[in-house]
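Asker: Okay, handing you the structure first.
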Amino acid sequence: MSTPPIDREPIESYEITGKRTKELTRRQIKKARITGIVMFALAAVVMFFLAPAAAGTSTFGLSFAEESIQLPPLSVPSQGSLWVLAMVLGFLGASQFFRGFQSKTTVILGIAFAVFVFSLMVWATAGEEFSLISMLVSTIARATPIALGALSGILCERSGVVNIGIEGMLLGGAFTGVVMGSLLGGWVGLLAATVTGGVLALLLAVLAVNFRVDQIIIGVVINILVLGLTSFLTAQVLVKNPQFNDAPIFQAIKIPVLGDIPIVGPMFFDQTIIVYGMFILIASVTFLLFRTRWGLRTRSVGENPKAADSLGIKVAKVRYLAVIYGGMVGGFAGAWFTLGTVGRFDEGMTGGRGFIGLAAMIVGGWNPVGAFFAALIFGFSDSLQQKFAVIETPIPGEFLAMAPYLVTIIIVAGLVGRARPPAADGQPYEKE
Amino acid sequence: MTTTTVKGTESPEPKPSRSFLQQLTTGTDWKSAALIPALAVLTALIIGVIIIMLTGSSFGDAMTAYWALLQGSVGSLKAISETLTAATPLILAGLSVAIAFRAGLFNIGTEGQLLMGGMFAVWAGFTFVGLPFYIHLPLALLAGVVGGAIWGFIPGFLKAKTGAHEVITTIMLNYIALRLVDFLLKTEIFQREGRNDPVSKTVEASAQLPLLLGWINPGLRVHLGLIVALAAAAFIHWLLFRTTTGFEFRAVGANPKAAQYAGMSITKTYVLVMVIGGALAGLAGAGQVLGVLDRATPGFSSGLGFDAIAVALLGRSNPWGVVAAAVLFGGLSAGGQQMQVSADVGIDLISVIQALIIIFVAAPALISAIYRLKAPVASTQISKGWGS
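Written out as C-alpha cells, the structure reads:
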C-alpha cells in the first residue's frame, strides 16, 4: 500500500527488510493500549448497562419444530451469564493492556467482539425465547449474495481489473432473473440473471481492457446505469404488468441424512439451489485459481502482466475471460434477491450488498475461502439486525441497520493496510 | 456494441503517459473540452430514444418525451428557474467530487455529506428563533458546512491513517448517514410537533434562502443558493490554481510519492481535501433544506450526490466546467420531471442518460470510434487500483 500512515517516517524501508525498528515497537505498544481500552469499554458496557437490565433466563432454540432430531433449547440465567461474560472481556482487556497479545491481537479482538455480541444477544432475549437456529440459517442465506459478490470481485481482480460494479451486476441479475423467471420459470430466470451479469461484465472488460478507461469510473457507471435502467423499467413495465414481476421462488432442498444432523443440517444441507451454488462456486473457483493452468495464468496477469505477456500469455484474453466469469457469478448472486427470497423485484433492492461483498473480498485477502468467512460475519450482523428488530430491543432499528456498514468500515480500516491486492490490480495494460 | 469496439481497439492510440489529471489540467483544446462532451450528450440521448422505444412506445412518443424534456428545462422562465434550482446543489456537490478528483481521491460520499450538512443546517434553521436573517442565514449555512465537513473528515482521516480505500468507506458512510437521518427525524429534537411520520420542524423564515426572482412571481423557486454556489466555484478555482495549498492538492493527485518526496504532507492533503469536499457537499445540503424544502425528510438528498459524480466528470473537474455541467444536468432533471408528467416516461431514464454520458466522456475513444474523429483523446485514468 502506497499510503504511509505517518509522514516522514521511513516506512518503506522496514516494509521491505521486515526489520522492526524502535518506532514500530512503540506504535505496537500504543496499539495494544488502545485495543485493551476498547475491550475494557466493552466489558463496562456489559457490566453496567446490560447486566442490570437483564432479568430471568435467556432461552436459545437450537432446533426447528419439524426436525426429526430435537435438541433441547439452551437456557442460561441472563444476569449471571452477563457477569461472567463481562469478566471474560475484562480479563482479555487487562491482559491486552498490560502485556499485549502481539501478533494474536486481531484474533483476541475478534473473540472479544464475539463475546460482546453474544452478551448483546443474552441481554436482548432476557426472559424470552430466541430461535438461535433460525438466525444461523438466515446467516448462511444472507451471506450468500455477499460471498458470491466477493467471488465476482475476486475473479476480476485476480486478473488485474477492479470491479466496483458488483452492486450493479447483482441488481441487474435480480431484475432479469425475476422477469424471465415470471415468464419461463425459475431455472430460465437463473440463467438469465447469470447472462445479465456476464453482459455487464463484458461492458467492463471492453472499457477497461480495450479503452483503458479508469476502472473505478466504469464500476460506478455500471452501478448508476443498472440502478437507473431497472428503476425505469420497473416503473414503465413491471408496475403496469405485474405478471412480469411474480416469479416462482426456489424452495429449500433437503439433502437426505446430512440434512437431519442437528444445527449443521438446517444450516448447510437444507438450503436453496442458490446457496448450494455458492458453496460449489467457492470450492471450484478456489481449485481453478490455485490448482490449474488457467488459474496460474489469470493470477500472473493480475500480478505482472508484462512478464506474463513476455511468456506468451494473451493478457487481454485472460482478462476478458476472468471479468466475464466474475460478472456471471455476480449476476447469479443477483438472482438470490428475487428468485431466492421474495420472487419480486423492488427498485434498488440490493441495498449495498455488492459493496459489502467488495469489503468481504478485501477482508478475505482476495481469496475465495477467506471471502466466504468474511461474508459470514456480514451475514451474521445482517441477520442479527433482523432478529433484534423483531424482538423489539431498546436499540433503535436504524442503528441496528447501520451495523453491517459500520462493521465494513471498521474491518476495511483495520485490515486493508495489511491486505495485499494483486500487484497490477486496476492498471490497464498496453502491449509494447 | 462489439463491432464498434473491436474496430476501436485498433485505431485509437491513447498515450498512456497522458493521465486523466494531466488532461484535466491541460485539456484546453476545444475538442476535448467541448466537442467530446457535446457528442457524448447527443449519443446518450439517442440511446435514450432506443430505450424508450424498447418499452413499447413509438418513435413519436419518444420525441414527445424529449420535447417535454426541452420544454421543462428551457421552455419558459419558470422552466429556466427550475433548471437553475436543480443546478444549484449540483454545482456545490460537483465541486465536492471535483476537488477530490484533483487530489487523486474518489469521493463517492457526497450523498452522505450532503445529508449530514442538510441535517445540521435544518437544526440551526429551526432552533434559533428571533435572530435577524443576516445572522441566522449565515449561521445555518455554516452549520451545513460543518456537518458535511465532519462527514468528509472521517474517510479522509481513515484513508490517510489506515489506507482504507475511500470508495468503500464513503459508500458505507452514505448508508450510515441515510439511517442516521431516519433516526434523527424521529427524535424529539427534530420531529415536527404532532406528527408521527419522520418530518423535521420547519426552518424559520429568517434562515431561509431568499428567492431571486420572487418579485416577478413567487412560484419561481431559484434562490440565493445559486449565488453562493457560483461564489464557491470561484473560490475553489482560486484555491486550486492560485494558492500553494491547491498546488499541493494537484501535486499529490498527480503523483503522491513525488509530492511526498518534495516535502508535501499526503496525510494533510487527504484530510484537508475530504474536509473541503465534505464542506461543499454540506453546503449543497444546506442549500436544499434552506432554499427549496424548508424542512428535512428521509433521503432528502434524492441521489444528488451520485449525479454530482457525473457532473464532476463531465466538467472535467474544472470548477467552471462543473458549473456548466451542473446547469446541463439541472436542465435534464427539471425537464425529466416535465417528461414524467406530460409524456409518462419515467424520470429514471435521466439517470440512465447520465450514466451513458459519463461512459462516453470517460472513454472519448468510443466517441471518436462512433463518429470517426481523428486523433482520439486518451481515456481517463484517475486511480491506480486499491493502492493509490
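So the protein lines, in turn, are chains A and B. Under the working numbering, the final residue of the first sequence carries the number 433; numbering is consecutive throughout. Under the working numbering, the final residue of the second sequence carries the number 409; numbering is consecutive throughout. All residues carry an ideal CB built from backbone N, CA and C; glycine is no exception.
When the cut-off is 9 Å and only beta carbons count, does residue 44(B) lie next to chain A?
Answerer: Confidence is the limiting factor: at residue 44(B) the pLDDT is only 47, short of 50, which leaves the residue's position unreliable, though a coordinate-based value still follows. For residue 44(B), the answer is no, since every Cβ of chain A falls outside 9 Å of its Cβ.
Asker: Can you list, in chain order, the residues of its chain whose CB lies under 6 Å from that of residue 324(A), leaving out five sequence neighbours each side?
Answerer: 157, 162, 202, 205 and 206, listed in sequence order.
Asker: Could you tell me whether any non-hydrogen atom of the ligand HEM is closer than 8 Å to the CB of residue 107(B)?
Answerer: The ligand HEM is absent from the structure shown, which contains no ligands of any kind.
Asker: Check whether the Cβ atoms of residue 94(A) and residue 44(A) lie closer than 9 Å to each other.
Answerer: Yes, these two residues count as a Cβ contact at 9 Å.
Asker: Can you tell me whether residue 426(A) is buried or exposed? The criterion is at least 16 other CB atoms within 10 Å of its CB, across all chains shown.
Answerer: So residue 426(A) ends up on the buried side.
Asker: On the three-state DSSP scale, how would you describe residue 152(A)?
Answerer: Residue 152(A): helix per DSSP, three-state reduction.
Asker: Tell me, please, whether the region 190 to 203 of chain B touches the region 133 to 140 of chain B by the rule of three or more beta-carbon pairs shorter than 8 Å.
Answerer: Touching, per the Cβ criterion.
Asker: When we look at the beta-carbon of residue 217(B) and count the other beta-carbons within 10 Å, is it buried (16 or more) or exposed?
Answerer: Result: exposed.
Asker: Taking 8 Å as the limit between beta carbons, can you name the residues of its chain near residue 314(B), skipping five residues before and five after?
Answerer: Excluding positions up to five away in sequence, the list reads 321.
Asker: Roughly how many whole angstroms lie between the Cα atoms of residue 393(B) and residue 307(A)?
Answerer: Going from the Cα of residue 393(B) to the Cα of residue 307(A) covers about 31 Å.
Asker: Output yes if chain B places a C-beta closer than 9 Å to the C-beta of residue 36(A); else output no.
Answerer: No, residue 36(A) lies away from the interface with chain B (no Cβ there is under 9 Å from its Cβ).
Asker: Is there a C-beta anywhere in chain B that falls below 9 Å from the one on residue 399(A)?
Answerer: For residue 399(A), the answer is yes, since a Cβ of chain B falls inside 9 Å of its Cβ.
Asker: Taking all protein chains shown into account, decide if residue 431(A) is buried (16 or more other Cβ within 10 angstroms of its Cβ) or exposed.
Answerer: Answer is exposed; the Cβ neighbour count stays below 16.
Asker: Using a Cβ-Cβ cutoff of less than 7 Å, which residues in the same chain neighbour residue 186(A) once the five nearest sequence positions on both sides are dropped?
Answerer: These residues qualify, in order along the chain: 249.
Asker: Residue 142(B) CB to nearest chain A CB: under 9 Å?
Answerer: Closer than 9 Å: no.
Asker: Note down the Cα distance separating residue 63(B) from residue 109(B), rounded to an integer number of angstroms.
Answerer: Their Cα atoms are separated by approximately 23 Å.
Asker: Which value, in whole angstroms, describes the spacing of the CA atoms of residue 361(B) and residue 54(A)?
Answerer: Going from the Cα of residue 361(B) to the Cα of residue 54(A) covers about 53 Å.
Asker: Excluding the five sequence neighbours on either side, which residues of its own chain have a C-beta within less than 7 Å of the C-beta of residue 152(A), listed in chain order?
Answerer: Excluding sequence neighbours, residue 152(A) sits near 282, 283, 286, 330, 369 and 372.
Asker: Measure the Cβ-Cβ separation of residue 351(B) and residue 93(B) and say whether it is below 9 Å.
Answerer: No.
Asker: Whole angstroms is fine: what's the gap from residue 42(B)'s alpha carbon to residue 274(B)'s?
Answerer: In this predicted model, residue 42(B) has a pLDDT of only 43, less than 50, meaning its place in the structure is not dependable; the value taken from the coordinates is given anyway. Each residue's alpha carbon lies about 8 Å from the other.
Asker: Taking only beta-carbon positions, decide if residue 271(B) is within less than 9 Å of chain A.
Answerer: Chain A, which has no Cβ nearer than 9 Å to the Cβ of residue 271(B), makes this no.
Asker: So which residues on chain A does residue 375(B) lean against when the C-beta distance must stay under 8 Å?
Answerer: Those are 225 and 229, listed as they occur along chain A.
Asker: I need the boundaries of the alpha helix (DSSP H) containing residue 434(A), first residue and last residue.
Answerer: The question about residue 434(A) has no answer, for chain A in this structure spans 2 to 433.
Asker: Taking only beta-carbon positions, decide if residue 323(A) is within less than 9 Å of chain B.
Answerer: Cβ-Cβ to chain B under 9 Å: no for residue 323(A).
Asker: Measure the C-alpha to C-alpha separation of residue 310(B) and residue 156(B) and round it to an integer number of angstroms.
Answerer: Whole-angstrom Cα-Cα distance: 17 Å.
Asker: Buried or exposed, going by whether 16 or more other CB atoms sit within 10 Å of the CB of residue 236(B)?
Answerer: Counting Cβ neighbours within 10 Å, residue 236(B) comes out exposed, since fewer than 16 surround it.
Asker: Short check: CB of residue 63(A) to CB of residue 73(A), under 9 Å?
Answerer: The answer is yes: Cβ separation under 9 Å.
Asker: Who are the neighbours of residue 165(B) on chain A, taking C-beta pairs under 8 Å?
Answerer: Result: empty, since nearest Cβ-Cβ is about 22 Å, beyond 8 Å.
Asker: Does the structure place the region 376 to 395 of chain B close enough to the region 142 to 150 of chain B that three or more beta carbon pairs sit under 8 Å?
Answerer: Verdict: no, contact absent.
Asker: Which parts of the region 167 to 209 of chain A are runs of the alpha helix (DSSP H), unbroken and 4 residues or longer, counting only runs that do not cross its ends?
Answerer: Complete alpha helix (DSSP H) runs here, min 4: 167 to 185 and 187 to 206.
Asker: If you draw a straight line from the alpha carbon of residue 184(B) to that of residue 88(B), how long is it in whole angstroms?
Answerer: Their Cα atoms are separated by approximately 48 Å.
Asker: My guess is that residue 294(B) and residue 126(B) are in contact by the Cβ rule of under 8 Å, so how many angstroms apart are they, rounded?
Answerer: Indeed they touch by this definition, with Cβ atoms about 6 Å apart.
Asker: Between residue 387(A) and chain B, is the shortest Cβ-Cβ distance under 9 Å, so that the two count as touching?
Answerer: False, the Cβ-Cβ gap to chain B never drops below 9 Å.
Asker: Kindly indicate which residue of 122(B), 328(B), 152(B) and 264(B) has the alpha-carbon position closest to the one of residue 112(B).
Answerer: The shortest C-alpha separation from residue 112(B) is found at 328(B).
Asker: Using a Cβ-Cβ cutoff of less than 6 Å, which residues in the same chain neighbour residue 363(B) once the five nearest sequence positions on both sides are dropped?
Answerer: Taken in chain order, the residues that qualify are 89.
Asker: Rounding to the nearest angstrom, what Cα-Cα distance links residue 364(A) and residue 182(B) in this structure?
Answerer: Cα-Cα distance, rounded: 18 Å.
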